[in-house]
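Per this note's numbering, the very first residue in the sequence shown carries number 135; after that it's consecutive.
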Amino acid sequence: MPDSGFSHALVQVPGSTSNIGPGFDCMGIALQVYNQIGVTRREGGGISPDHPMVAATAKRFFAQADAESFSFSWTIEGDVPISRGLGSSVTLRQGILQGLNALLGEPLAKNVLFQLGSELEGHPDNASAGVYGGFTCTNATGICLYHPVDSRLKFLVLVPERELLTDVARQVLPEKLLHKDAVVSLGNACVITSAFATQQYEALRGSFLDHLHQPYRQVTNPGLTEVIAAAESAGALGGFLSGSGSSIACLAEEGVPLRRIAEAMQKAYAVVGSSRLLVLGADNEGAQTLTVS
135 MPDSGFSHAL VQVPGSTSNI GPGFDCMGIA LQVYNQIGVT RREGGGISPD
185 HPMVAATAKR FFAQADAESF SFSWTIEGDV PISRGLGSSV TLRQGILQGL
235 NALLGEPLAK NVLFQLGSEL EGHPDNASAG VYGGFTCTNA TGICLYHPVD
285 SRLKFLVLVP ERELLTDVAR QVLPEKLLHK DAVVSLGNAC VITSAFATQQ
335 YEALRGSFLD HLHQPYRQVT NPGLTEVIAA AESAGALGGF LSGSGSSIAC
385 LAEEGVPLRR IAEAMQKAYA VVGSSRLLVL GADNEGAQTL TVS
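This is the structure in structure tokens:
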């Protein structure tokens with residue numbers, strides 16, 4: 135592969151919320167909170183980043199691109215909370231993938247970068263939102279559909295002080311589910327998908343009920359049901375655990391007093407611990423290479 139001659143790339147990747155209640159491991163929404171990842175070639179051969187996640191991502195990229203690896207340094211800056219169920223690991227992985235791809239003259243298409251990111255993450259929900267933006271829905275074969283989210287829909291994200299690792303949160307999930315519970319979750323996931331596809335957001339009200347993961351994750355996410363109930367009483371369309379937690383996301387349309395919802399959420403969580411509240415719109419652009427030189 136001919137050398138592009140580029141030495142530095144800067145990539146911006148949005149944070150994201152995922153699962154969206156019953157859309158377990160399938161649904162994601164990119165949010166207007168971002169990390170910027172810089173990738174810079176340096177002298178010497180081989181991969182030499184000082185971070186296991188970055189090293190694994192680079193190794194997988196060079197193998198897929200069938201390109202000779204090179205040494206590089208990297209930086210990450212931004213506002214995406216770490217280990218809070220808001221896709222921080224995706225911002226780093228996608229930033230490295232897209233940055234290296236830019237330095238090599240973009241030998242891999244965006245859908246291939248998405249597949250690599252999903253493989254490295256172990257599930258496609260945050261990865262799809264980070265790459266494509268908007269509302270994304272992905273099946274087990276990797277087919278991903280995207281729908282832009284109207285600016286009138288706002289996301290109130292309660293971010294607790296405490297971190298929660300995804301691997302830990304997955305340990306509480308059961309191996310089997312009742313058929314009737316699976317049907318309820320499936321129906322709600324279909325309504326959510328249709329609501330985002332048609333931008334009929336009022337249909338989201340009452341549709342976030344889930345039996346696949348949220349009831350079991352309450353043990354690692356105290357205050358979850360109380361925060362969502364408080365938000366709904368204050369006018370929110372509904373809410374859900376963001377990813378595996380610890381963040382909790384609620385939705386509301388413009389015209390509803392967002393401050394009232396935010397205060398209700400934080401008050402409900404105060405018995406558990408301290409938190410901060412982000413009011414965000416959706417990002418419909420996904421990962422962007424800002425500069426390459």
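Note that beta-carbon positions come from the ideal geometry of N, C-alpha and C, so glycine has one too.
Bear in mind that the values here come from a model prediction, so they are computed numbers and not experimental data.
Query, Result
"Cβ-Cβ distance between leucine 371 and leucine 385 below 8 Å", "yes"
"Exposed unless 16 or more other CB atoms sit within 10 angstroms - verdict on arginine 227", "buried"
"Cβ-based burial, isoleucine 163 [other Cβ within 10 Å; buried from 16]", "buried"
"Within 8 Å, strictly: CB atoms of alanine 329 and leucine 338", "yes"
"8 Å contact criterion, which glutamate 387 and leucine 287 should meet: CB distance rounded", "6 Å"
"Alanine 323 versus alanine 316: straight-line alpha-carbon distance, rounded", "10 Å"
"Supposed close pair glycine 377, glycine 219 - CB separation, criterion 8 Å", "3 Å"
"Buried versus exposed call for threonine 327 [16 or more other C-beta atoms within 10 Å across all chains shown]", "buried"
"Simplified DSSP assignment, three categories, for cysteine 324", "helix"
"Distance CB(glycine 233)-CB(glutamine 170) smaller than 8 Å", "no"
"DSSP state of arginine 218 mapped onto helix, strand, coil", "coil"
"Spatially closest choice to asparagine 418 from Gly139, Asp159, Asn153, Val167, by CA coordinates", "Val167"
"Buried versus exposed, by CB contacts within 10 Å (16 or more), threonine 92", "Look at the range of the chain in this structure, 135 to 427, and you will see that residue 92 is not part of it."
"Euclidean distance between Cα positions of arginine 410 and arginine 296", "11 Å"
"Beta strand (DSSP E) runs contained entirely in the segment 347-413, provided each spans 3 or more residues", "372-375, 382-387"
"Length of the line joining the Cα atoms of glycine 172 and leucine 165", "20 Å"
"Alanine 263 vs serine 427 beta-carbon contact at 8 Å", "no"
"Check whether phenylalanine 248 and alanine 236 have beta carbons under 8 Å apart", "no"
"Classification of valine 202 by the beta-carbon crowding that lies within 10 angstroms, buried from 16 upward", "Reading off the sequence shown, one finds glutamate at residue 202, where the question assumed valine. Its Cβ having fewer than 16 others within 10 Å, glutamate 202 is exposed."
"In DSSP terms, what threonine 209 is bridged to", "Gly172"
"Three-state secondary structure (DSSP) of isoleucine 163", "strand"
"Contacting residues, own chain, Cβ-Cβ under 6 Å from serine 381 (five flanking each side not counted)", "Arg218, Gly219, Leu220, Val291, Val293"
"N- and C-terminal bounds of the alpha helix (DSSP H) containing threonine 270", "Careful: threonine 270 lies outside any alpha helix (DSSP H), inside the beta strand (DSSP E) at 269-272."
"Backbone CA spacing between leucine 254 and glutamine 334 [nearest angstrom]", "34 Å"
"Beta-carbon gap between arginine 175 and serine 141 smaller than 8 Å", "yes"
"Beta-bridge partners of glutamine 228, as assigned by DSSP", "Bridge partners of glutamine 228: none, in fact."
"Phenylalanine 196 versus glutamate 309 - alpha carbon distance", "36 Å"
"Assumed close pair glycine 369, serine 285 - CB separation to whole angstroms, cut-off 8 Å", "Actually they do not touch by this definition, with Cβ atoms about 18 Å apart."
"Whether histidine 318 touches histidine 281 by CB criterion (8 Å)", "It should be noted that the sequence gives valine, not histidine, for residue 318. Not closer than 8 Å, so no."
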